[in-house]
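2 protein chains.
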Amino acid sequence: MTQHETWVALRAHWQELADLGGIGALLGWDQSTHLPGAAGSGRARQQALLAGVRHGRATDAGYGRLLDQAGALDLGPVEARMLAVARREFERATRLPAAFVRASSQHAGESYAAWVEARPANDWARMVPLLERTLDLSLEGASFFPEFAGPMDYFIDRSDEGMTAAQVDAVFAELRAALVPLVDAVAAAPAPRTDFLAREYPIPTQLRLGEEIGALYGYDFTRGRQDLTAHPFMTRLGARDVRITTRAQLADPTDALYSTLHEVGHALYEQGVASELLDTPLGGGVSAGVHESQSRLWENIVGRSRAFWAGQFGRFRDAFPEQLNDVTEEEMFRAVNVVRRSLIRTDADELTYNLHVITRYELERQLLGGSLAVSDLADAWHAAYEANLGLRAPSHVDGVLQDVHWFSGGIGGVFQGYTLGNVLSAQFYASASAANPGLDAEFARGEFGRLHGWLSEHVYAPGRTFTPNELVERATGQGMTAAPYLAYLRGKYADLYGLS
Amino acid sequence: MTQHETWVALRAHWQELADLGGIGALLGWDQSTHLPGAAGSGRARQQALLAGVRHGRATDAGYGRLLDQAGALDLGPVEARMLAVARREFERATRLPAAFVRASSQHAGESYAAWVEARPANDWARMVPLLERTLDLSLEGASFFPEFAGPMDYFIDRSDEGMTAAQVDAVFAELRAALVPLVDAVAAAPAPRTDFLAREYPIPTQLRLGEEIGALYGYDFTRGRQDLTAHPFMTRLGARDVRITTRAQLADPTDALYSTLHEVGHALYEQGVASELLDTPLGGGVSAGVHESQSRLWENIVGRSRAFWAGQFGRFRDAFPEQLNDVTEEEMFRAVNVVRRSLIRTDADELTYNLHVITRYELERQLLGGSLAVSDLADAWHAAYEANLGLRAPSHVDGVLQDVHWFSGGIGGVFQGYTLGNVLSAQFYASASAANPGLDAEFARGEFGRLHGWLSEHVYAPGRTFTPNELVERATGQGMTAAPYLAYLRGKYADLYGLS
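Residue numbers (the numbering used here), protein chains in the order written: chain A, 978 to 1477; chain B, 978 to 1477.
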C-alpha cells in the first residue's frame, strides 16, 4: 500500500466503526422511545449481536496492521492525534481477553435483571453476591492495565483521559468542605415559594417551550429531534443525527424544561464538533467531565440564571396564563433554584447534587481499595448520607439500590464525571464571560449566540483533538480548578438566600 | 459435530440472520418515520453497511458447509422444509457474482436519485439511459438462473415461489377481459355521493379510529405500533415487533383508515406465524401474492363491506358528529366503494386498481422479452392506458414516471403480486366464509375473531412451511383461480351500481 492508500483504508475503517456505533445507538434510542412492550428480549439480542460485530471490527487484526503501518506515515498534528486515539482504543479493546469480556457482559445482564426486581422489593440481600462478583470483575478488568497507579485511576482514565484519582480526591475534598456548610446555611434560611410549580401544565405545551428554547440555544433540529422517555438522554446516531429525549410531569414544568436544556447542552457539544473530524476517532466529545460541563452549563449556569428568566418568563406566562397569573419573574427564578436536601441524586438541586456524587465516589474508592466490603456497603451508604447530607434513607430503595450504575456495568469511574462537569462548567463559563462581556444582557433578550460561538470555538469544534486537560488549559488558561465553581455557587446562593 | 450440534449451530445462524434483518428493518423504519432531515446520506451508508454484513453472513462459506452437513440429518418434515428454504436462499445469494451485486446496487442508488429529481421535472429523457441500464442489469441477473423458462419466470419466482409467467399471463388475461367491461358499466351508472368525505376530519381522531379497528381485527399492539409516514408500510423488526405505518389527509378520512387496515392485514399475517417458526427460514410470509392477499382481504373484502360499516359507522359518527350529521350508514358504505377511472395506481379504487397493475406487468413482459425498447416505453404506456382505462396522462409525471419500482430496483416481477393478492384474497375469503357461516353478522357486531382464527390456522401459522401453491391448495382445496374474485367483484358492484 502507498501512504495514501493506508490513510484512505484507515478512514474507511473509522467510518465503518462510526456507522456501526450509530446503528447501535439507534437500537438503544428506539428501545427507550418506541419499542413495543413484548419486543424487549429480541432487542437485547440484536444489541448484543451488533455490539459483537462492532467489537470484531474494532479489534480486527487487519485493522491492527493498518494502525501499525500508519505509524510510519508523515502526518499533520490532527491526523497524528487521530491515529494516537485510534491506537489507544485498539490497544484497550484488544488487551481485555475475549473470555473476560463475555463473562463481564453476561454478568452485567444478569445483575441488571436482578436489580430491576430487587430494587422495588427493597431486596438488598439479593444484590450482595451479585455486586461482589461485579467488584471482582471490575478489579480483574483493571488488572489488565497495570500501568495505572490503581484501579480507580484506570476507570477514571477510561472516561476522563489523563485525570487521576488523586486529582479527583483533591477537588472533591475542596468541594465537600465548602458545600456542606453552604447547604447548612441555605437550609437555615427561608425557602422561596414554589407552590405554583405544582399546578397543572399541559405536557405538549411544556415540550414545545423546551424545543423553542433549545433552538434558541442553537440546537439544530434538522440534525436532531426530541422524544419522550422515562430517563432523558442524548445520543449520536450519525454525524448529522444527534437526538435528545426528555421526560415531563404534568405538575412540575421544570422537570421537562431542565431535562431538555441539559440534553441540549450535550447535543450542542456533539453537533458542534468540526465537520472534518466527524466519523473519525476525534469526532465526538472528549471526556465524560467535559461533556457534562456542557449539559450543566446550559441547564444551570445559563438556564437557571436571572437573565435567562428575564428573557423567557414572558414565553411561559403567555403559554400558561392561568397557572402563572399570580407569579412574578423573580419568583420563577427563585423557584427553579430552590435547594432541598433529598435522598435521590437524580432529583437533587444544583447545590446538593455534588454531595450525592461525592458520596458515591468515596464509596467506590473504598470498595476498590479493599477497605469496604460489599456486605457492609448499605451501612456505609447510610453513614455517608448522614455525614454529607444529614439524611438517612428509610429503605434501600432510596439508598444503595437507587442508581442503576453499579448494578448494570461495573464499580469505578462511573460517577465522578457528573461533578467534574459541574466544576468545569463554571470554569468554562468564567472564561467565556470574561471574553464576552455583557452575556447576561443578551440572555435577557433571548439571545445565546455569542456564548454558543465561544464554546463552539474553544470546546466543541476540537472534538477529541486535545486531551481533556489540554482542552481545559487552552480554553481557560489553567488546569481544572474548583475556584470558579465555588465562587459561582457562593455568589448565586448568597444572593438567593440572603446569606452574608 | 454431532447431529444435534449441527442443528443447534444452524438455528443460531438463522437467529443471527433474522436479527440482522430486524436491525436493517429498524434502519428503514426510522428513516421513514423519524430521521432528521440532514441525516439521509449517513443513514443510507449505515443501511448499505448493515446489508453488507448480513449478506456476508448469509453467504458465508462456513454456513454453506453447515447446510451441506445438515443434508445428512434425520429431520422431521418442518425441519426438512426449513433446511430446503435455507439452502435455496443460500444458493440464490451465492450464485450472483459479488461484482454484479455491487454494480446493481450502485446503479439502483444512482437511478433512484435521478428519478427523485426527474419525476417532478417531467424529465423522461433523463431516465431513458438509466432505465436501459436497469433493463440490462435485470436481464444479466436473470441470466445467472438459466433453469427458468425466461427472465420473467425467474423474477416472479423470487417473490412468488413456484408461480410461472404463463400462469400469471392466463389469470391476468381472464381478469382484464372481465374488468374492462365491468368498469365501463360502472362508469355509465350514476355515482354515489362522496361530498362529505371532503370535510375536515382532525387527524389524531382518524388515527385513533384506525387503531381501534386494527385492534378489533386482532393486531396486537404489544407486539407492534403505528406511526405516520408519507407511504404506508408494514415491517418486521423482530419476532415480536411487527410495526405498521399509515398516512392521513385532513379532508379524506378514508385514506388513513384504509391505509391502516391494509397494513394491519400484512401485520396480522406476520404476527400470526407460529412461534416455533419465528427466527427460522420459515418465520414469515410465504410470498408477495399471499401477503398482499391478507392486506387486501382486511382492507377491501372486510373493510369495505356493508357489514363492516354496520358495525363501525356509529364509531365514526360519534367521533365526527358534525362532519357526518347528514350521512347515513349506507351512504358511507357506498362512498368508500366509489369507482373512478384515474391515472395513479396508488390512488385507484378496488375495481380499476388491477388494470393499473396488469398494464405494468404487460409492459415488463415486453421489455424483458425484447419486443419493447425502453425508448418507446413512454408511448407504450400511453397506448396501454388508453386501451385498459380509456385515459391518457397529460404528462410523464402521472404516466411512466409515477412509480418508484423500475427506477429503484429492477424490471420484472415487481408488480404482479398486487393483483395476485387481490385474486387470492377472494379465494381465501370464499373458503373462510364457507367454513364459517354468518361472518357478516359478526362483522356487523364489530367482531372479527372467527375470520382471524380461520386465517391464522390456514394461512398465517404455517409461515413458509408450504410453498405458496401448496398453501393455497391446502387452504382452499384448489390451485389459484380468479373465479371467486370475479364473482366477488361482479356481485358487489352490481349491487352498488344497480347493474343487471
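Think of the CB as a built atom: it goes at the ideal place given N, C-alpha and C, for glycine as much as any other residue.
Shown here, A/V1105 sits in a helix according to DSSP, grouped into three states. Taking A/W1286 as reference, the option from A/A1207, A/P1167, A/A1095, A/F1310 with the minimal CA-CA separation is A/F1310. Against chain B, the CB of A/L1227 has no partner CB under 8 Å away; the residue lies outside that interface. For A/Q1024, the enclosing alpha helix (DSSP H) starts and ends at 1017–1035. Chain B has no Cβ within less than 8 Å of the Cβ of A/H1429. When the Cα atoms are used, B/W1275 and B/G1195 turn out to be separated by approximately 11 Å. B/V1030 has a beta carbon lying within less than 8 Å of a beta carbon in chain A. When CB distances to chain A are screened at a threshold of 7 Å, not a single residue of the region 1175–1189 of chain B falls below it.
The alpha-carbon of A/E1253 is positioned some 31 Å away from that of A/S1009. By the criterion of at least three beta-carbon pairs nearer than 8 Å, the region 1258–1265 of chain A is not in contact with the region 1289–1309 of chain A. When the beta-carbon positions are compared, B/Q1404 and B/T1458 come within less than 8 Å of each other. The count of Cβ pairs closer than 8 Å, one atom from the region 1178–1191 of chain A and one from the region 1217–1236 of chain A, reaches three, so the stretches are in contact. The alpha-carbon separation between B/R1103 and B/F1384 amounts to approximately 12 Å. Not a single C-beta of chain A is nearer than 8 Å to the C-beta of B/R1079.
Counting only runs of 3+ residues, the beta strand (DSSP E) found wholly inside the region 1157–1235 of chain B occupies 1203–1205, 1211–1215, 1218–1223, in chain order.
In the three-state reduction of the DSSP assignment, A/P1054 falls in the helix class, which pools H, G and I. For B/P1209, no CB of chain A lies under 8 Å from its own CB, so it is not counted at the interface with that chain.
With a contact defined as Cβ atoms closer than 8 Å, B/G1440 and B/A1192 miss out at about 23 Å. The shortest C-alpha to C-alpha distance from B/A1080 to any of B/R1110, B/R1058, B/V1160 is the one to B/R1110. Cα atoms of B/S1402 and B/D1232: separation of roughly 21 Å, rounded to the nearest angstrom.
Listed along chain B are L1026, each with a C-beta nearer than 8 Å to that of A/E993.
In this structure, the alpha-carbon of B/D1037 lies about 14 Å from that of B/R1065. From the listed residues A/A995, A/G1039, A/A1057, the smallest Cα separation to A/L1027 is found for A/A995. Taking the CA atoms as reference points, A/E1363 sits about 11 Å from A/V1157. When the beta-carbon positions are compared, B/L1012 and A/D1146 stay at least 8 Å from each other.
At a cut-off of 8 Å between beta carbons, B/L1012 contacts chain A. Contact with chain A is found for B/A1016, since one of that chain's Cβ atoms lies less than 8 Å from the residue's Cβ.
Remark: C-beta atoms of A/T1212 and A/W984 do not approach each other more closely than 8 Å. B/Q1023 has a beta carbon lying within less than 8 Å of a beta carbon in chain A. Of all alpha-carbon atoms in B/A1244, B/F1420, B/A1057, the one lying nearest the alpha-carbon of B/T1199 is that of B/A1244.
The alpha-carbon of B/G1001 is positioned some 9 Å away from that of A/I1000. Per DSSP, the continuous alpha helix (DSSP H) segment holding A/N1365 begins and ends at 1354–1366. Judged by DSSP in its simplified three-state form, A/F1290 adopts helix. Counting only the Cα atoms, B/E1117 lies some 48 Å from B/A1166. Between B/L1003 and A/L1004, the CB-CB gap stays under 8 Å. Here the alpha carbon of B/H1333 sits roughly 22 Å from the alpha carbon of B/D1100.
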